[in-house]
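**Student:**
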Amino acid sequence: MEQSPGALVAEPRLDGVSPAVDAVGEAIGDLLARLREARQAAATDPFGDPVLLIALAISRRLDDGRLDGAAVGALIARLSDQAAAERARRLAGYVGLERGAATLDVLAARLVRPDPEDSPVPFAAYREVVERPRFAAVFTAHPTFSLPPNTGAAVAAAAGGGAMPAGLSHRPAAPTLTEEFVQAVAAIQRGRDALDALNGALLRAARGVWGDRWQALVPAPVLLASWVGYDTDGRTDIGWWDTIGLRLTMKRLQLQRLAAQLAPLGACAEGLSARVAMAEAAVSRQLAALPQTPVPEAVQRFAAVLIGEREAALTDPGPLVGLFPAALAAAPDEATRLALVVARAGLVAHGLALAHTHTRLNASQIHNALRQRLGLTASPDDMASRRGLLAQVNAALGEVEAQPVDFGALIAEQASAVRLMMTVAQITKHVDASQPVRFLIAETESGYTLLGALWLARRLGIERHVEISPLFETAEALERGDKVVEEALRSPFFRDYLRAHGRLCLQFGYSDSGRYVGQLPASYLAERLKLRLADQLRRHGLFEIELVLFDTHGESIGRGGHPDSLADRLDYLSPPQARAALARAGLKLREESSFQGGDGYLLFGTPALATATIARIAEHAFAPPAAEPDPIYAESDYGADFFATIRREMQILVEDPGYAALLGAFGPGLLDRTGSRPAARQSDMGGPARITHPSQLRAIPNNAILHQMGWLANTLHGMGAAVAANPDSFADMLARSPRFARAVAMAARAAACSDLGVLRAGVDTLDPGPWLDRAGATRRPGRREELMHVAAALERLGLSSDVRRMFRRLQADHLALRAAWPELPRMPDRLVLLHALRLALIHRIWLLAVQIPEFSPRHGATREALIRGILQLDVERALSLLAEVFPARPDPASSLDFHEKAPGRGGASYAAEHAALFTPMAALFAQVRECSAAIAHEVGAFG
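The sequence shown lines up with residues 5 to 947 when you count with our numbering.
#1: Which residue wins for smallest C-alpha separation from His818, given the options Ala160, Ser758, Gln219 and Ala42?
#2: So what's Lys905 in DSSP terms, helix, strand or just coil?
#3: Start and end of the alpha helix (DSSP H) containing Glu888?
#4: In angstroms, rounded to a whole number, what distance separates the CA positions of Val854 and Leu798?
#5: So Ser473 packs on Leu444, CB below 8 Å; how close in whole Å?
#6: Tell me whether Phe922 sits in a helix, a strand or coil according to DSSP, three-state version.
#7: In chain order, what are the residue ranges of uninterrupted beta strand (DSSP E) at least 3 long that sit wholly in the stretch 432 to 456?
#8: Quick one, which of Gly558, Pro672 and Ala614 has its alpha-carbon nearest Ala157's?
#9: Quickly, what does DSSP pair Ser598 with across the bridge? List them, please.
#10: Mark Glu184 as exposed unless 16 or more other C-beta atoms lie within 10 angstroms of its C-beta, in which case mark it buried.
#11: Residue range of the beta strand (DSSP E) that Val226 falls in?
#12: Work out the CA separation of Glu132 and Arg377 for me, nearest whole Å.
#13: Under the rule that 16 or more other beta-carbon atoms within 10 Å means buried, what is Gly69, buried or exposed?
#14: Taking only three categories from DSSP, how would you classify Ser687?
#15: Cα separation between Val836 and Arg65?
#16: Roughly how far, in whole angstroms, is the beta-carbon of Ala765 from the beta-carbon of Leu851, given that I think they are within contact range, below 8 Å?
#17: Which residues in the same chain as Gly662 place their Cβ atom closer than 6 Å to its Cβ, once the five residues preceding and following it in sequence are excluded?
#18: Name the DSSP bridge partner or partners of Asp235?
#19: Can you give me the C-alpha to C-alpha distance between Pro496 and Gln430, rounded to a whole angstrom?
#20: Would you call Val345 buried or exposed, if buried means 16 or more other Cβ atoms sit within 10 Å of its Cβ?
#21: When DSSP builds the beta bridges, which residues end up paired with Cys509?
#22: Judging by CA-CA distance, which residue of Gly786, Val943 and Arg834 is the nearest neighbour of Asp67?
#23: Is the number of C-beta pairs between the stretch 562 to 571 and the stretch 701 to 717 that are closer than 8 Å three or more?
#24: My output table needs one value for Ser473: the three-state DSSP class, helix, strand or coil.
#25: Taking just the CA atoms, how far does Leu770 sit from Leu776?
#26: Consult DSSP for Arg694 and reduce its assignment to one of helix, strand or coil.
#27: If you follow the alpha helix (DSSP H) that Thr615 is part of, which residue opens it and which one closes it?
#28: Are Ser517 and Glu477 close, meaning C-beta to C-beta below 8 Å?
#29: Buried or exposed: which applies to Asn154, given that a residue is buried once 16 or more other Cβ atoms fall within 10 Å of its Cβ?
#30: Identify whether Ala865 lies in helix, strand or coil by the three-state DSSP scheme.
#31: Which residues does DSSP pair with Leu593 in a beta bridge?
#32: Between which two residues does the alpha helix (DSSP H) holding Trp214 run?
#33: From Ala571 to Phe646, what distance separates their C-alpha atoms?
#34: On the three-pair Cβ rule with 8 Å, is the stretch 217 to 230 touching the stretch 361 to 369?
#35: Any idea if Phe607 is buried or exposed, counting beta-carbon neighbours within 10 angstroms, 16 or more meaning buried?
#36: Check whether the Cβ atoms of Asp676 and Arg196 lie closer than 8 Å to each other.
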């Protein structure tokens with residue numbers, strides 16, 4: 005098993021010794037050819053393992069010198085560049101880049117004349133259509149900053165037809181909050197430019213029909229929002245001063261944007277430009293006084309400037325909006341008037357901010373605040389006490405009186421929920437009161453949470469400025485979310501609050517729900533919940549309320565990002581039939597969708613991409629209700645059974661100890677940090693904590709590990725059982741139902757990123773048996789002992805039996821799926837090669853690990869614990885400790901004369917161990933991570 009296949013002997017060297025036209029390309033071509041042969045052979049040889057075979061061949065080439073570290077790096081770089089270029093091509097197709105900006109004018113013309121052969125719609129009807137917000141794109145800071153900023157920019161540029169530069173780094177560096185904010189702002193700026201293009205098209209269409217009346221329009225069909233810097237759910241590193249500072253920055257950016265729009269318009273806009281400049285200068289002085297820490301004296305100075313400059317800086321766009329009529333009257337031509345009306349629309353739609361503001365926190369933070377303020381100590385999870393809790397908080401709502409807030413109170417406040425609400429209060433008083441702040445509450449599972457948030461808002465006198473929104477993200481929450489809202493709607497105070505705002509805001513999560521019950525059932529549960537919530541509003545007589553449905557999903561299929569196109573993604577999250585049902589119920593609907601982290605920002609990565617993205621959003625938002633019934637709704641029993649079967653199988657898998665073992669074996673070690681949060685808790689023994697359940701991982705790393713292991717279980721598993729239950733009905737529904745076909749397309753894409761052979765190779769790597777087989781076959785001096793030591797270490801790790809049993813579960817379900825659906829895509833060879841190449845590197849890291857010399861325990865870590873950590877790819881931590889145990893340089897004191905006879909100081913340097921073990925291990929691990937970055941390109945998203 006350890007022997008190198010004879011067919012690989014004649015490969016050209018890649019280290020520069022032997023010249024070649026494209027040695028890297030030839031080597032990749034050769035490996036791909038061998039891989040194809042191995043995969044074809046495995047189709048008839050059930051005992052073949054093509055991935056391990058190629059991994060072993062690569063390892064042997066490293067042994068005999070036909071490959072070296074630099075050559076492997078060149079291979080990975082070429083494969084990464086190819087994967088990035090392919091990702092760029094998919095991105096262009098995804099947003100419909102080839103359709104260009106002209107589609108905006110076509111869309112606007114259709115809104116004016118739905119029937120080209122008929123008269124235009126009445127002006128009032130057109131005004132209602134274009135001035136009511138129908139959709140919002142929300143930019144979040146989820147840890148999916150999977151590309152260095154310059155590489156992300158190159159991918160976006162390549163989507164527009166540019167060449168993908170060679171030699172770029174593809175590994176991410178974990179961004180700071182400021183860096184996340186800078187990337188978000190760049191994407192939002194391009195998004196705002198695209199919104200201006202959309203609004204310009206809508207205004208030009210109106211100008212061609214209704215004369216000067218178009219100047220009265222303030223179109224706002226699509227909005228932008230952001231929670232970057234305002235999301236404190238599970239974070240303690242964002243202070244209130246950070247949030248206020250970033251919100252002031254968003255205000256200054258909006259003013260700078262308006263100033264840039266007015267600058268070329270000449271004398272007609274001079275008065276308006278002067279007032280904008282005054283406000284911008286005042287905001288800059290406020291920002292200059294912002295404290296970096298909550299030192300009372302510094303906060304006092306900031307408060308003086310913030311409040312003292314408040315009138316000059318403005319807290320409402322009204323004074324600016326009031327100057328537009330005079331500018332329009334003085335405008336010399338139609339082009340100038342159009343530019344003014346477009347600028348006014350962006351200002352009115354977004355207020356004094358580049359994007360609307362979303363804050364987020366956890367339900368438990370609300371509960372802690374109520375316990376402190378109202379003495380409500382019972383848990384809302386206790387069904388026996390919930391009714392009493394609801395009565396108590398409802399009574400408190402009837403008695404609450406608003407109290408003032410100042411920065412002194414903000415400094416002293418310890419309860420995080422109250423502190424965030426106070427921060428919002430200060431923003432609405434001193435920064436911008438024109439647009440409400442969304443107050444998202446994660447893990448909302450009781451109406452008590454919503455009423456508690458309302459009590460806090462009323463206590464601080466800002467209920468008019470805060471839109472309270474529950475987040476339903478678990479399967480249980482999606483199943484009983486209507487009961488949660490029902491508990492809140494029984495309160496007259498909550499109903500009055502909704503009527504005052506005119507909308508009910510709800511958020512739906514696809515990450516946690518998808519990983520626990522499967523992505524397809526999660527979307528089904530979310531859709532059913534949305535329809536039940538609409539029924540609730542009608543039952544409570546809230547017919548006039550707008551329903552705001554915010555789908556918080558990722559860019560990957562495992563977290564709700566449909567792979568086929570942006571249009572399909574929007575229809576997957578908000579199916580046309582569901583939208584039609586809400587329209588029939590007489591409810592106004594505003595949809596919102598997240599663009600998460602760097603991966604999501606790619607869709608706004610260039611002006612052309614941003615325009616195409618906004619065009620697709622606008623086409624979706626203005627789409628007429630579905631006319632044709634979808635059979636999945638008429639034959640709902642089949643759909644319910646199908647998704648319930650997947651859910652059942654996925655829930656069984658999640659509770660399988662082997663599934664947690666697979667996720668935690670070395671999966672977290674494959675991932676670079678793509679945000680500020682660790683993927684899992686760390687132990688104090690020099691290695692990662694043993695993961696015993698998927699809930700110990702966060703959702704994004706959970707999903708990213710599945711990508712890296714080559715099996716997208718949370719989208720694919722359970723499909724075999726569901727399809728096999730009724731293959732004929734599956735084929736019939738797939739052919740006739742757009743809703744069903746769109747959901748099943750998620751599984752097809754998951755299959756294209758999954759391969760049982762790749763997963764089996766990972767499972768085999770954790771099994772001591774194959775290592776012992778290799779030990780028996782090797783002829784390389786010293787290798788047998790190394791292989792046996794690895795086998796022994798894996799035996800002590802003890803993951804193999806659980807993982808193998810779980811693998812058989814996945815295998816059986818997938819075999820059933822392929823039998824019923826033979827056209828299911830397969831993983832392409834290039835992606836399989838990346839997995840094989842990385843596996844070879846991991847094997848070599850392990851072979852080096854067992855050569856670490858013995859040492860006395862250091863910081864609670866032993867040699868055995870270090871090796872166990874390295875088996876789980878906690879390599880960086882291990883190398884850091886090894887550098888302390890085995891210093892590379894002699895003690896500097898060894899060269900000094902201390903004026904008396906000295907003992908021997910030999911052995912103070914371990915340069916040989918560093919050269920032979922630690923430095924190569926670090927280089928190999930860096931290449932492992934580079935392979936992971938390339939795999940993320942191939943899949944198309946991180947996490």
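We put the beta carbon where it would ideally sit given N, CA and C, even for glycine.
**Tutor:** Based on what the coordinates show:
#1: Taking the sequence shown and counting its residues from 1, one reaches residue 818 at position 814. By alpha-carbon distance to His818, the top candidate from Ala160, Ser758, Gln219 and Ala42 is Ser758.
#2: Along the sequence shown, one-based indexing puts residue 905 at 901. In the structure shown, Lys905 adopts coil according to DSSP, grouped into three states.
#3: As a working mapping, residue 888 is identified with position 884 in the sequence shown. Unbroken alpha helix (DSSP H) run through Glu888: Val879 to Val889.
#4: For the purposes of this step, residue 854 is taken as the residue at position 850 of the sequence shown. For the purposes of this step, residue 798 is taken as the residue at position 794 of the sequence shown. Going from the Cα of Val854 to the Cα of Leu798 covers about 11 Å.
#5: Numbered from its first residue, the sequence shown carries residue 473 at position 469. Numbered from its first residue, the sequence shown carries residue 444 at position 440. That belief holds up - the Cβ atoms of Ser473 and Leu444 are roughly 5 Å apart, short of 8 Å.
#6: Here the question's residue 922 lines up with position 918 in the sequence shown. The DSSP-derived three-state label of Phe922 is helix.
#7: If one requires a minimum length of 3 residues, the beta strand (DSSP E) runs lying completely within the stretch 432 to 456 are 441 to 446, in chain order.
#8: Position 153 of the sequence shown, counting from 1, holds the residue named residue 157. It is Ala614 whose Cα lies nearest to the Cα of Ala157.
#9: Taking the first residue of the sequence shown as position 1, residue 598 is located at position 594. Partner(s): Val142.
#10: Translated into the one-based positions of the sequence shown, residue 184 becomes position 180. Under the 10 Å beta carbon count, Glu184 is surrounded by 16 or more other beta carbons and is classified as buried.
#11: Numbered from 1 along the sequence shown, position 222 holds the residue referred to as residue 226. From DSSP, the beta strand (DSSP E) with Val226 extends over Val226 to Ser230.
#12: By one-based count along the sequence shown, residue 377 stands at place 373. By one-based count along the sequence shown, residue 132 stands at place 128. C-alpha separation (whole angstroms): 44 Å.
#13: Here residue 69 is taken as the residue at index 65 of the sequence shown, counted from 1. Exposed is the call here.
#14: On the sequence shown, position 683 is the one that residue 687 refers to. Confidence at Ser687 is low in this model, with a pLDDT of 39, below 50, so the placement of that residue should be treated as unreliable; the coordinate-derived value is given next. It is coil, neither helix nor strand.
#15: As a working mapping, residue 836 is identified with position 832 in the sequence shown. As a working mapping, residue 65 is identified with position 61 in the sequence shown. Straight-line Cα distance between these residues: approximately 18 Å.
#16: Locating residue 765 in the sequence shown gives position 761, counting from the first residue. Locating residue 851 in the sequence shown gives position 847, counting from the first residue. Not confirmed; about 17 Å, so no contact.
#17: Translated into the one-based positions of the sequence shown, residue 662 becomes position 658. In the same chain as Gly662, and ignoring 5 residues on each side of it, the C-beta atoms closer than 6 Å to its own belong to Asp806, Val807, Arg809 and Met810, in chain order.
#18: Indexing the sequence shown from 1 puts residue 235 at position 231. DSSP, once it has assigned bridges, lists Arg364 as partnering Asp235.
#19: On the sequence shown, residue 496 is found 492 positions in, with the first residue counted as 1. On the sequence shown, residue 430 is found 426 positions in, with the first residue counted as 1. Distance between the alpha carbons of Pro496 and Gln430 is about 28 Å.
#20: Locating residue 345 in the sequence shown gives position 341, counting from the first residue. Looking at its Cβ environment, which holds 16 or more other Cβ atoms inside 10 Å, Val345 is buried.
#21: Taking the first residue of the sequence shown as position 1, residue 509 is located at position 505. Paired residue(s): Val552.
#22: On the sequence shown, residue 67 is found 63 positions in, with the first residue counted as 1. Nearest C-alpha to Asp67: Gly786.
#23: Per the Cβ contact rule, the stretch 562 to 571 is in contact with the stretch 701 to 717 (3 or more Cβ pairs under 8 Å).
#24: Position 469 of the sequence shown holds residue 473. In the three-state reduction of the DSSP assignment, Ser473 falls in the strand class, which pools E and B.
#25: Position 772 of the sequence shown, counting from 1, holds the residue named residue 776. Position 766 of the sequence shown, counting from 1, holds the residue named residue 770. In this model, Leu776 and Leu770 are separated by some 12 Å (Cα to Cα).
#26: Numbered from 1 along the sequence shown, position 690 holds the residue referred to as residue 694. Reduced to three states, the DSSP call for Arg694 is coil.
#27: Taking the first residue of the sequence shown as position 1, residue 615 is located at position 611. Unbroken alpha helix (DSSP H) run through Thr615: Pro611 to Ala625.
#28: Mapped onto the sequence shown, residue 517 falls at position 513. Mapped onto the sequence shown, residue 477 falls at position 473. Between Ser517 and Glu477, the gap from beta carbon to beta carbon is short of 8 Å.
#29: Taking the sequence shown and counting its residues from 1, one reaches residue 154 at position 150. Flag for Asn154 reads exposed.
#30: For the purposes of this step, residue 865 is taken as residue 861 along the sequence shown, with counting starting at 1. In this structure, Ala865 counts as strand in the three-state DSSP scheme.
#31: For the purposes of this step, residue 593 is taken as residue 589 along the sequence shown, with counting starting at 1. Per DSSP, the beta-bridge partners of Leu593 are Leu551.
#32: Taking the first residue of the sequence shown as position 1, residue 214 is located at position 210. Note, Trp214: alpha helix (DSSP H), Leu181 to Trp214.
#33: Locating residue 571 in the sequence shown gives position 567, where the first residue counts as 1. Locating residue 646 in the sequence shown gives position 642, where the first residue counts as 1. Their backbone Cα atoms lie some 25 Å apart in a straight line.
#34: By the Cβ test, the stretch 217 to 230 is in contact with the stretch 361 to 369, since at least three Cβ pairs between them sit closer than 8 Å.
#35: In the sequence shown, counting from the first residue as 1, residue 607 sits at position 603. Residue identity check: residue 607 is Leu in the sequence provided, not Phe. A residue is called buried once 16 or more other Cβ atoms fall within 10 Å of its Cβ, and Leu607 is buried on that count.
#36: To locate residue 676, count along the sequence shown from 1; it is residue 672. To locate residue 196, count along the sequence shown from 1; it is residue 192. Not in contact: Asp676 and Arg196 (Cβ atoms no closer than 8 Å).
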